[in-house]
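Chemist: Protein chains in written order, with the working numbering: chain P, 1495 to 2073; chain U, 1495 to 2073; chain Y, 25 to 315; chain C, 25 to 315.
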Amino acid sequence: MIKNDMTFKIGGEAGQGVESSGAGFAQALARGGLHIFGLQDYMSRIRGGHNFYQIRVKEEDIYSHTDAVHLLLALNPQAIKEHIEEVVEGGGIIYDESWQGEKRELEGRGIVPFPAPLKRIAEEEGGRKVMMNTAALGVAAGLTGYDFEPMASVIEDNFRKKGASVVERNLKVAETGYRFAQENYHRFDYRLEAIEVPERMVINGNHAFCLGAVASGCRFVSAYPMTPATSIMEWMATHAQRYGMVMKHTEDEIAAICMAIGAAHVGARAMTATSGGGFSLMVEALGLAGMTETPLVVVEAQRPGPSTGLATRTEQGDLRFILHASQGEFPRLILAPGTVEECFQAGARAFNLAEKYQCPVIVVLDNFLANSLRAVDKEAFDFASVEIDRGELLTSEDLDRLESRYNRFQFTESGISPRAVSSHPKAVYVSTGNVHDEEGHITEEPTIRTKMMNKKMRKLEVARREMREPELYGPKEADITLLGWGSTYGPIREAVKALNKEGRKVNFIHFMDIWPLHWEEVAEMMERAKQTVAVENNYSGQMADLIRTYTGREVDKRILRYDGRPFSPDYIIAHLEVQ
Amino acid sequence: MIKNDMTFKIGGEAGQGVESSGAGFAQALARGGLHIFGLQDYMSRIRGGHNFYQIRVKEEDIYSHTDAVHLLLALNPQAIKEHIEEVVEGGGIIYDESWQGEKRELEGRGIVPFPAPLKRIAEEEGGRKVMMNTAALGVAAGLTGYDFEPMASVIEDNFRKKGASVVERNLKVAETGYRFAQENYHRFDYRLEAIEVPERMVINGNHAFCLGAVASGCRFVSAYPMTPATSIMEWMATHAQRYGMVMKHTEDEIAAICMAIGAAHVGARAMTATSGGGFSLMVEALGLAGMTETPLVVVEAQRPGPSTGLATRTEQGDLRFILHASQGEFPRLILAPGTVEECFQAGARAFNLAEKYQCPVIVVLDNFLANSLRAVDKEAFDFASVEIDRGELLTSEDLDRLESRYNRFQFTESGISPRAVSSHPKAVYVSTGNVHDEEGHITEEPTIRTKMMNKKMRKLEVARREMREPELYGPKEADITLLGWGSTYGPIREAVKALNKEGRKVNFIHFMDIWPLHWEEVAEMMERAKQTVAVENNYSGQMADLIRTYTGREVDKRILRYDGRPFSPDYIIAHLEVQ
Amino acid sequence: MMSEVKDFASPVRPTWCPGCGNFGILNALKRALANLDLEPHQVLLVSGIGCGSKLPDYMKANGFMGIHGRVLPIATGAKLANHELKVIAVHGDGDGYGIGGNHFLYTMRRNMDLVDIIQNNQVYGLTKGQYSPTSERGFVTKTSPEGAIELAVNPIALALAAGATFIARGFAGELPHLAQLLAQAIEHRGYALVDVLQPCVIFNRVNTYDWFRARLYKLEEEEGYGPSNREAAWEKAFEWGDRIPIGLFYQVEGLPTYEDQLPALRVGSLVKQGLRPLTPEEVEALKQEFV
Amino acid sequence: MMSEVKDFASPVRPTWCPGCGNFGILNALKRALANLDLEPHQVLLVSGIGCGSKLPDYMKANGFMGIHGRVLPIATGAKLANHELKVIAVHGDGDGYGIGGNHFLYTMRRNMDLVDIIQNNQVYGLTKGQYSPTSERGFVTKTSPEGAIELAVNPIALALAAGATFIARGFAGELPHLAQLLAQAIEHRGYALVDVLQPCVIFNRVNTYDWFRARLYKLEEEEGYGPSNREAAWEKAFEWGDRIPIGLFYQVEGLPTYEDQLPALRVGSLVKQGLRPLTPEEVEALKQEFV
Ligand SMILES: Cc1ncc(C[n+]2csc(CCOP(=O)(O)OP(=O)(O)O)c2C)c(N)n1
Ligand SMILES: Cc1ncc(C[n+]2csc(CCOP(=O)(O)OP(=O)(O)O)c2C)c(N)n1
Ligand code: SF4
Ligand code: SF4
Ligand SMILES: [Mg+2]
Ligand SMILES: [Mg+2]
């Protein structure tokens, strides 16, 4: 009997509610005090095809999915075909009783078949075939002996908007499935049991970022829908009124970034969010923000490219592009959070950094981080510690007292010029994407150009001081040091944990801040490492190249994945072995 | 007496014809068998301000301007103020006799004053004050003892379009100036004398590229005006009809690159040309060309950024951007010619490379190379050796014979899939920016994705074989090895030449092909070098970083210039000394 | 050999939702092409990104599925390089009137000889239901939770203002009528807009088949209406309420297309002209320009 | 204290060519602002790239000179963040109707409370004379050596089709009339287009001051013409020949602006609302959404 340590997988076609029921079930498990990691996988289509949702559940905090599936909820026969190989011996598959010929094959593989009248329950108790998903969840809960209560509460919350009858019918469907399992199934090794813990949040990277952004006073969001960034603008839309924000769905990504620049220029904390294709369209205006020293936050949630690529899948292929995007050179800050906690922090930090250094701050996410759910303690998001620091922003009172001419782009040692936003009689100035003098006027003087360029670039040196150093996870001394950045944190961490449990000596350097960095520190870390292995979700190992550029040290090995699927700890471990 | 070795500088405001007369004079010198290098410098405005044109002339082939000015043609008093410091002792200044107070200052500096009735000649002989420029050229020719004949022929050619009267009046103005100088001036150390050589071309980088492109069958140009690339589309426009091309001035750069992609997709050799700001807008579609394996040529003529920056000046700040532009990873080829000869070759090579490797080829120029004039032998552009190689392009006959299904994106060892262009009954296929299978249909299969990615990237390995290795100039063994790429070739070469003449041992590695490269060769070259010094027209030393990324070798020193002005040999030498 | 609808069948099964209006458009297009006796290799379908833009994958014909909003410049480039191809643009309302709106204006001004089919479902389908440029005021979506507050794009009026020479509106639920309109558009020399009302059964629960059926009427059947009068078309362009017109709003024939006016194309398409080394005379002429 | 024209004087001397129509626009704008008693800090001028787009550098007022074609989204963002500023967009015909054409359509649909001044010289000035979207057919330039073959953009007709609520055309050579139009535009609540015919004395040798003077007439002086009739405006929009109208073509008053309809702005501008830490209740509510 294995308690509170298993993976569910719900498979079916688009339109069967795979994702919504998966997310709901994850939440029900979290309400029972369990930790979860929820992985979403869907095709770029609205109906049909094959999607799945995978939920790993455990009593301890977990950071990633793992490959082995213990209970498959097949909403159609194809789901069995797709995933049967992943189900462990002793694991089970829940499927509709009407499907023939499955039983024998499952038993041959040591998988326990759990045929159930999913369709019948859905239709009879719920009145709609699509409620098969709820029925299957009910069966799964019953089968694993999990409390019905948390599930009922999630159903109530999630369907409340659709009316009491929908809530009621879903509850009945779930309950019937639950009872059916308890009455009919007797042998299954995996059990779940609710435990007492304080309330937990179940949240994905995009929403975690949103919470941080709102906490730090984001006031303006202009964006154009693009997977996997869209849920940021959608969340902001529904929260705009309450939190005093404007969310503008624009005509394209060029307008999106330009509106944010306009809003930021006059003093609102402003951001946009997109994926690589939309970011491509933002490149020109990114340079404008650089040149005009406009504080701007851009979220780039990556997906596999080039071009449209795999619209609903994951990759970390845009790092070098983000680092060098736009003609010419200007300071930009790049954050690449690796967990929902870091996403929250990135949301909270980004606007401060943007205003302090008066430059674009790019937060790099990807589909895996943006959409995967994790359960975290409510305290994990430390709102109280979020400080709003607008840097050298002159207040109306400061300006009232101003004696001399206001120089918006004053040459200073730090490179930071005290900023006034348009609307004060003593600080009427022009900003321009042309080379300009301290006052802001266009100039072509070579010496001013050089000084202004140096002034701007000095900001990077100051900013560098507050960027986070890469974090070491695992033992200080190790035979192998894995290197990762951003969203791979979870799978790598779990791989390292597992390997050390097996007696291997492996540790892991995680980059959550990418630019600027103290490269000497990185060089030292590299120096201390014996064998280094970069683990990246892209074709070439972009971070490994970056490390070589700025430390001269070549990474010894690269484990690269670029089929649109995220790493799992198992995948990393397997690829570490084949040398 | 110094013969056929001097620098002219013509200074005045926009609207005074500084550039046109400078270019005309340069041509007149070339027609007299002399080598010239013509440097254009103008402000981003149509009238007023201060512009200059600098012509270095010599009997041997020259690759760059130098700083010392021997004869300044001041079309207004400001020109004297701006440039007096640059005039050598023993040099002279031609200016209008009406300006007061110049004479004494010049003599104090050992500069010979040549006041002349420029305005009067222009108005009396030509009827328009703007002809002062022609008058000054006449004076300069007379003063240096240069034949009047070549100048007359250039005036005739250049003004022919404006009618016989304009030609005649300009000729009269020039001649009067010429005679005035011969009659009135007696002491000047610098002399010019026509010599007998075969005909020479006087051409800039943009036009040299155009010639190469037309020679190699460019059929379609879609572009949007942007300095310093505009003269490419303008030249193409006037040559479209005769050479069977379409030149489309589009609504923006997005349309420009997309039209070129459309044209290339159906089989026309197609290109676009822009500067960094326009290239920013092309980034998304660049990835589309990468994903659909569309042969596409893009010229990126750099100017100082970020953003609008210095619109009429020079910089090499876009290299990293060009290398990584667009989300995801895909093969691209990057050429960075350094001379007009290499520009011609780049024009001729680019379309072959694009069609052979079915990917975007980016030709990186900059304002300095795009606009500087150089005299070259007519044979320097070897049209006869331009071969049109369309790579694995299936002809109509090939397709008629086809037995099996046509797979546009067939997995091959070279990564190159034989290409058919749309319009043959046996090769009806779809192309898409989505991940696709061999036939071209959209797929989300992870294994196909991985295989297709590998297939595409293999093309880089094949292409690498025909990319040009960096070229060594100067002695094999040297104490200092300068490193440069693209347009800095001329100034660096001249600096190296001068230094070796002085007994220093300096050589120079010039990168004209940037991507992909044989990095092992580069590493070896770096290994052989004692002290390496990167000379780059940008803030950070982008090529130096690239070298470090792919060879691990750090460049010892960087001479960087980012004030919008090009390097001169003098500048490089001066900065080499201060360690 | 006459061409048939089945000649245009693709091996790929559409991934559209059952009931999606795009099926009607696909079928109408195949029928129009077959009726005109065109063959798959004579046609180039250019699309963008969106549910509807997957159409070229579901039809046998040359196809190029590009990026979001850039359909018309790609189609234009292809047409200019090979004007013997029938180039048909097909894309969603977000793609065509939204992010691609400027290309729309420009292509009309040019009178490029293209057919431009807009799959107008008044919503963003593929990104799962945000409001689109043609969404009606008050339309509630994930990015307009309090209802859209922008005036809906009026494609017919815009096309009139921009100088389009063929302006039509079809309905995905009226196959023969739509096929007929598409055939007319393909035969028109110059730019031809066919805005197709295309029910999205998932994300647009307002403008459904029934909603349209209750309102649509055919201009061809409208007493006294003819497509040659710009003022009349302008008036009809604003009719969107209890009655909504479909059919041909406006057409001018006989104006030169953009391609007609390009000297380099008079001797044949660029692609047909092929590639050849320059003649010595051409080389000399080129060099001489710079001597 | 009343504001005066000289309050808007910048220390920077314009780099425009002597005789350039932009001087007239600059002066008219200053006069309009002074007449309305606005002060430099209450105004934000947003421009793009082009000769005309340098205007903010030549005037004392808050200014933001952005990138080519993106004036309206930048202005929109600024206005949405601080709707107490009078936001005035000013840019060339290439910038506004060319590369920026789609933003033009969208800003009109939104009825953003902006003034949009187009310096319409029918040519690209700063890049030295290529044809522009408003160049007339046959206009010979470096990129149209055989004459432009695209139908010129008709900004008035487009604006009518896109739903603009204030549509006017001025002439840079008629300062008092232009200043009056600009003042009306600034006072209009909602999007106000002022297309200004602006002679470029260097690159447009066709549409000169004299050419215009021989043709222009004022709509205000036209018997029976009033700016409230869309059909009449539509007709006038196409008048471009021996007679060319200037003045106010069309205006609808009383429609809500985009900003009016945003709930978050009812309590004051975003900028005025300032920044503050979330209250414990707000934090709890946010967290609870995910529990
Ligand atoms: C540059 C860019 N931005 C955003 C997207 C994401 N995207 C894909 S389809 C689409 C809109 C789809 O709406 P529409 O064009 O109306 O087509 P439909 O799906 O309704 O047929 C968007 C925004 C993208 N692919 N590219
Ligand atoms: C993205 C981009 N493309 C091209 C340019 C080059 N450019 C500068 S101004 C301009 C056009 C100017 O024409 P218009 O907008 O009519 O302004 P005008 O100079 O006539 O006032 C162009 C193409 C640019 N700055 N940015
Ligand atoms: S979401 Fe709408 S438009 Fe897209 S396939 Fe489904 S029904 Fe059609
Ligand atoms: S080029 Fe034309 S628009 Fe530009 S400043 Fe000169 S006259 Fe004015
Ligand atoms: Mg749509
Ligand atoms: Mg203009």
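For every residue, glycine included, the Cβ atom is placed at its ideal position computed from N, Cα and C.
(1) Just curious, the beta strand (DSSP E) that A33 (chain Y) is in, first and last residue?
(2) Going straight from the alpha carbon of I1649 (chain U) to that of L109 (chain Y), what length do you get?
(3) Reducing DSSP to helix, strand and coil, say where E1601 (chain P) ends up.
(4) May I ask you to check if the CB of D1746 (chain P) is nearer than 8 Å to at least one heavy atom of ligand 5?
(5) Listed in chain order, which residues of the region 130-161 of chain Y have Cβ atoms closer than 8 Å to some Cβ of chain P?
(6) Going by beta carbon distance, what residues of the same chain come within less than 8 Å of G74 (chain C), once the five residues before and after it are set aside?
(7) If I measure Cβ to Cβ from A203 (chain C) and keep anything under 6 Å in the same chain, skipping five residues before and after, which residues do I get?
(8) Given the structure, does S2034 (chain U) come close to ligand 2, in the sense that its CB is under 8 Å from one of the ligand's heavy atoms?
(9) From L1566 (chain P) to G1968 (chain P), what distance separates their C-alpha atoms?
(10) Can you check DSSP and say which residues form a bridge with A1568 (chain P)?
(11) Suppose the cutoff is 8 Å on Cβ atoms and the five residues either side in sequence are ignored; what does the same chain contact list for G171 (chain Y) look like?
(12) With a floor of 3 residues, list each beta strand (DSSP E) that falls wholly inside the region 233-295 of chain Y, ordered by position along the chain.
(13) Evaluate the contact criterion for the region 1821-1829 of chain P versus the region 1784-1804 of chain P: three or more CB pairs, one atom per stretch, below 8 Å.
(14) Looking at P1722 (chain P) and S1769 (chain P), is the spacing between their C-beta atoms short of 9 Å?
(15) Based on the DSSP secondary-structure assignment, which residues constitute the bridge partners of R1550 (chain U)?
(16) So the beta strand (DSSP E) A1767 (chain P) belongs to, where does it begin and stop?
(17) In this structure, does DSSP put M1695 (chain U) in helix, strand or coil?
(18) Where DSSP assigns a beta bridge to V220 (chain Y), which residues make up the other side?
(19) Measure the CB-CB distance between M1645 (chain P) and Y1672 (chain P) and report whether it falls below 9 Å.
(20) Apart from the five residues on each side of it in sequence, which residues of its chain come closer than 6 Å, Cβ to Cβ, to L1523 (chain U)?
(21) Between the alpha carbons of A1878 (chain U) and V95 (chain Y), how many angstroms are there, rounded?
(22) Here's a check: name, in chain order, each residue in its chain whose Cβ is nearer than 8 Å to the Cβ of L199 (chain Y), leaving out the five neighbours to either side.
(23) Which of the three DSSP states is assigned to Y1536 (chain P) in this structure?
(24) Can you pull out the residues from the region 1779-1804 of chain P whose beta carbon lies closer than 9 Å to at least one beta carbon of chain U?
(25) Using a 10 Å radius around the Cβ and a threshold of 16 neighbouring Cβ atoms, would you call M26 (chain Y) buried or exposed?
(26) Which runs of the alpha helix (DSSP H) at least 4 residues long sit entirely within the region 1885-1955 of chain U? Give them in chain order.
(27) Compare the C-beta of H92 (chain Y) against all C-beta atoms of chain P and say whether one is closer than 9 Å.
(28) Does the pairing of the region 1561-1581 of chain U with the region 1497-1508 of chain U give three or more beta-carbon distances under 8 Å?
(29) Whose Cβ in chain P lies nearer than 9 Å to the Cβ of G125 (chain Y)?
(30) Among all the DSSP beta bridges, which residues are the ones paired with T165 (chain Y)?
(31) So what does DSSP say about Y1557 (chain P), is it helix, strand or coil?
(32) Any C-beta of chain C sitting closer than 9 Å to the C-beta of A1629 (chain U)?
(33) Run through the region 1586-1643 of chain P for me and flag every whole alpha helix (DSSP H) of 4 or more residues, listed as ranges in chain order.
Modeler: In brief:
(1) No beta strand (DSSP E) holds A33 (chain Y); DSSP gives it neither H nor E.
(2) L109 (chain Y) has its alpha-carbon roughly 48 Å from the corresponding atom of I1649 (chain U).
(3) Looking at E1601 (chain P) - three-state DSSP - the assignment turns out to be helix.
(4) No.
(5) Hits within the stretch, in order: Y148, G149, L150, T151, K152, Q154, Y155, P157.
(6) Sequence-distant Cβ neighbours of G74 (chain C) in its own chain, meaning closer than 8 Å and more than five residues away, are H92, H115, G116, G118, D119, Q143, Y148, G149, L150.
(7) A52, R55, A56, listed in sequence order.
(8) Because no heavy atom of ligand 2 lies under 8 Å away, the Cβ of S2034 (chain U) does not count as near it: no.
(9) Distance between the alpha carbons of L1566 (chain P) and G1968 (chain P): 33 Å.
(10) Beta-bridge partners assigned by DSSP to A1568 (chain P): P:G1505.
(11) Spatial neighbours of G171 (chain Y) in its own chain (CB-CB distance under 8 Å, excluding positions within 5 residues in sequence) are listed in chain order as R161, G162, F163, V164.
(12) DSSP runs (the beta strand (DSSP E)) wholly in the region 233-295 of chain Y: 240-242, 268-275.
(13) Between the region 1821-1829 of chain P and the region 1784-1804 of chain P, the count of C-beta pairs closer than 8 Å reaches three or more; the two stretches touch.
(14) Yes.
(15) In the DSSP assignment, R1550 (chain U) forms a beta bridge with U:T1501, U:F1531.
(16) Counted as a single uninterrupted DSSP element, the beta strand (DSSP E) harbouring A1767 (chain P) occupies residues 1764-1768.
(17) M1695 (chain U) falls in the strand class under three-state DSSP.
(18) Y:Q143, Y:G194, per the DSSP bridge assignment.
(19) In this structure, Y1672 (chain P) lies closer than 9 Å to M1645 (chain P) by Cβ.
(20) So the qualifying residues of the chain are I1530, V1551.
(21) One C-alpha to the other measures close to 39 Å.
(22) The answer, listed in chain order, is G48, N51, A52, R55.
(23) Here Y1536 (chain P) sits in coil by DSSP.
(24) Within the region 1779-1804 of chain P, the qualifying residues are A1779, L1780, G1781, L1782, A1783, G1784, M1785, T1786, E1794, Q1796, R1797, P1798, G1799, P1800, S1801, T1802, G1803, L1804.
(25) Counting the other CB atoms within 10 Å of its CB gives M26 (chain Y) a total below 16, which places it among the exposed residues.
(26) The region 1885-1955 of chain U is shown to contain whole alpha helix (DSSP H) runs of 4 or more residues at 1890-1895, in chain order.
(27) Answer yes: the Cβ-Cβ gap between H92 (chain Y) and chain P drops below 9 Å somewhere.
(28) Verdict: yes, contact present.
(29) Simply E1745, D1746.
(30) Paired residue(s): Y:S168.
(31) For Y1557 (chain P), the three-state secondary structure derived from DSSP is coil.
(32) No, A1629 (chain U) does not count as interfacial toward chain C.
(33) Segments of the alpha helix (DSSP H) lying fully in the region 1586-1643 of chain P: 1596-1602, 1612-1615, 1626-1638.
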